[in-house]
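Once you know that position 332 of the sequence shown is 332 in our numbering, the rest is easy, because the numbers rise by one and skip nothing.
Cβ coordinates follow ideal geometry from the N, Cα and C atoms, glycine included.
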Amino acid sequence: MTNKEKNRVAIVGAQWGDEGKGKVVDLYSLSADLIVRFQGGNNAGHTLVVGGKKTVLHLIPSGVLHKGKTCLIANGVVFDPKVFFEETTALEEAKVFQTTASDSIKVSERAHVILPYHRDLDRLREEHASKQKAQIGTTVRGIGPAYEDKVSRRGIQVIDLIHTESLKEKLARAIEEKNNLFKNFYNHPEIDLEATYHYCLEMGKRLKPFVADVRQTLELAIQGGKKVLFEGAQGTLLDIDHGTYPYVTSSNTIIGGALTGCGVGPRAVSEVIGICKAYTTRVGKGPFPTEIEESDPQTAKKIRDIGAEYGATTGRPRRVGWLDLVALKYAKELSGLTGIALMKADVLDGMETIQICTSYSLNGEKRNTPPALASELEKVVPVYQNLSGWPKYDSTKIKSKSDLPKQLIDFIELIEKFIEVPVVLLSIGPDRAQTLEIKNPF
Ligand code: IMP
């Protein structure tokens, strides 16, 4: 591998999202010239604490907080212009940009747009499903409906908001079927074509300086040896193809999503870092083998409270469980992980015993990989290895791995041995300073 090829790092969530990707992106962005988001939309919520100040970004890559970086929103993202302008305005007020917002952020012409009717449809579907106790527990941001329109070739792309000649026609086509659904199935007011059209024109006008051929921008950056960070959202077990279907998001959250979502080949990414907490959380519905909400509610509550495990996007309390190495190994295989960033280890400080799942048992049979059927994954019994916890320690004294308590080193080494991937970063507190970088992938 040449030096040029070493410069491109992707981070993906290795669990069910909320692994602490924001902090890693923030840190790795220091080394990167460009930061690119490749899938999902404003269902993500990256919480960053820099200099003690909390910032949450849902759509704009978190690398934007570093001056002089270029942030790209690639074609694989579903793009809500309303949220985009809320975030750019907040960032402008915080004086984050060296010059203008549009000098720092570029949005792909090909990204699909989330329109108000996508949000409405997401909500109506979830409300309807909840009557049958069958809701997915989506973030209700319109993500699924926007991706549906993309795949069914009824989507509105960013470029349609700029070149508006046939916008009204496209909108009419996109709306026709939905209005039938809204009126006759959901008993909801129909979508107003004129109002939607004018909303799109207005958004397009404001968006113009941000719109670019992001694929080409990225390609030229790669050819020029620039350092690129590919910023994933959500997590592996929420992947539309390989996650706990149907309790998943509507995009490919694994490394494949970075390739299609940016339009680059496999050699564009040299390192893939999986972000993983020292335990597991999940928001929304769906199977979660190592969940301890019922079996050990006290520990679940303790972890939730210490780890502040409440959704950054929806504020929902996250479901809590132990670290699941079966799921992590699956994540390693799906994305070819080359390193693990192990997050929030501090949340487990002072615990007497820590459990770690090393296999599943399904109807008395050992399983080393998650079954495809959600109802079967629901039934698996996690097989645990019990480890001694580590005592509380002063995180300011940790300069290298050997300064860590022995039990924490054992915990790290068990993970490394099991999935055969090194832990390259350890997070022992929310602040940027509370991080042990064992090996920087750039
Ligand atoms: P959607 O992405 O809003 O369609 O929601 C589908 C599922 O993915 C739900 O279970 C959500 O809770 C979950 N989800 C979506 N985005 C995130 C995230 O950033 N972190 C964790 N879970 C997420």
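Problem set entry | Whether residue 146 touches residue 118 by CB criterion (8 angstroms) | In contact: residue 146 and residue 118 (Cβ atoms closer than 8 angstroms).
For this session: Return the Cβ separation of residue 190 and residue 183 in integer angstroms, given the expectation that the two are a contact with Cβ distance under 8 angstroms.
Result: 5 angstroms
For this session: Could you say which of 438, 330 and 32 lies nearest to residue 230 if we only look at CA atoms?
Result: 32
Problem set entry | Buried/exposed call for residue 223, threshold 16 Cβ in 10 Å | exposed
Exercise. What is the DSSP secondary structure of residue 386, counted as helix, strand or coil?
Worked result: strand
Exercise. Would you call residue 70 buried or exposed, if buried means 16 or more other Cβ atoms sit within 10 Å of its Cβ?
Worked result: buried
Exercise. Hey, would you say the C-beta of residue 42 is under 7 angstroms away from at least one heavy atom of the ligand IMP?
Worked result: Answer for residue 42: no, Cβ out of range of the ligand IMP.
Exercise. Opposite residue 272 in the DSSP bridges: which residues?
Worked result: DSSP links residue 272 through a beta bridge to 10.
Exercise. Which residues bound the alpha helix (DSSP H) around residue 89?
Worked result: Boundaries of the alpha helix (DSSP H) harbouring residue 89: 81 to 93, taken from the DSSP string.
Problem set entry | Bridge partners - residue 113, DSSP secondary structure assignment | 79
Exercise. Taking the alpha-carbon positions, what's the residue 200 to residue 162 distance?
Worked result: 9 angstroms
Exercise. Would the C-beta of residue 136 count as close to the ligand IMP, meaning under 7 angstroms from any of its heavy atoms?
Worked result: Checking the Cβ of residue 136 against the ligand IMP gives yes.
For this session: Output the boundary residues of the alpha helix (DSSP H) element that contains residue 420.
Result: Here residue 420 belongs to no alpha helix (DSSP H), and DSSP marks it neither H nor E.
Problem set entry | Distance, residue 107 Cα to residue 211 Cα | 5 angstroms
Exercise. Is residue 234 near the ligand IMP, with its Cβ less than 7 angstroms from a heavy atom?
Worked result: yes
Exercise. Between the C-alpha atoms of residue 237 and residue 306, what's the straight-line distance to the nearest angstrom?
Worked result: 24 angstroms
Exercise. Assuming residue 213 contacts residue 109 under a Cβ cut-off of 8 angstroms, what Cβ separation, rounded to an integer in Å, is found between them?
Worked result: 6 angstroms
Exercise. Are at least three pairs of beta-carbons, each pair with one atom in the stretch 423 to 430 and one in the stretch 334 to 346, less than 8 angstroms apart?
Worked result: Touching, yes, given that three or more Cβ pairs across the two stretches are closer than 8 angstroms.
Problem set entry | Which residues DSSP lists as bridging residue 360, in chain order | In the DSSP assignment, residue 360 is bridged to 367 and 382.
Problem set entry | Length-filtered (3 minimum) beta strand (DSSP E) runs lying within the stretch 246 to 318 | 271 to 277 and 279 to 282
Exercise. With DSSP run on the structure shown, which of helix, strand or coil describes residue 425?
Worked result: strand
Problem set entry | C-alpha distance - residue 27 paired with residue 318, whole-angstrom precision | Spanning the two alpha carbons is a distance of roughly 25 angstroms.
Problem set entry | Option nearest residue 10 by Cα separation, candidates 24, 125, 294 and 90 | Here the closest residue by C-alpha is 24.
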